[in-house]
Amino acid sequence: MDCPYCNGEMEKGRILASGAGSVPVAILEWYAEKDFEKKGLLASLKRKGIYIKNTKDGYFRDSYHCSVCGKVFAEFPTNEKQKSSIL
């Protein structure tokens, strides 16, 4: 796969989601750029994210790394029914 930014060769790999302490897996969520423009604590708590589902083994499939520009790209399955209200 060629990098969409620099056209460098990308290496296929996986993203490992890991937590700290007793948390086995980090929770990943996607937020719209416009939500980050909101100011204040109350605005932060009202953000709605899309929960990114993890696989049972803690790996996300189909990720690619470009060693030329250092970018990582991945496809994440989402569960839009389960939305977070806290960043």
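Note that our numbering gives residue 78 to position 64 of the sequence shown, counting from 1, and the numbers run on in steps of one. All C-beta atoms in this analysis are idealised placements derived from N, C-alpha and C, irrespective of residue type, glycine included.
Identity of the residue in Gly-27, Thr-92, Gly-84 and Phe-90 nearest Tyr-78 by Cα: Counted from its first residue, the sequence shown places residue 78 at position 64. Answer by Cα proximity: Gly-27.
Candidates Tyr-19, Cys-20 and Phe-87, of which the one nearest Asp-76 by Cα: For this step, residue 76 is matched to residue 62 along the sequence shown. When the alpha-carbon of Asp-76 is set against those of Tyr-19, Cys-20 and Phe-87, the nearest one is in Phe-87.
Burial state of Tyr-20, where buried means 16 or more other Cβ atoms lie within 10 Å: As a working note, residue 20 is residue 6 in the sequence shown. Note on residue identity: the sequence assigns Cys, not Tyr, to residue 20. Exposed: under 16 other Cβ atoms inside 10 Å.
Inter-residue spacing [alpha-carbon to alpha-carbon] between Cys-83 and Gly-22: Counting from one through the sequence shown, the residue named residue 83 turns up at place 69. Counting from one through the sequence shown, the residue named residue 22 turns up at place 8. Cα to Cα, the separation comes out at about 8 Å.
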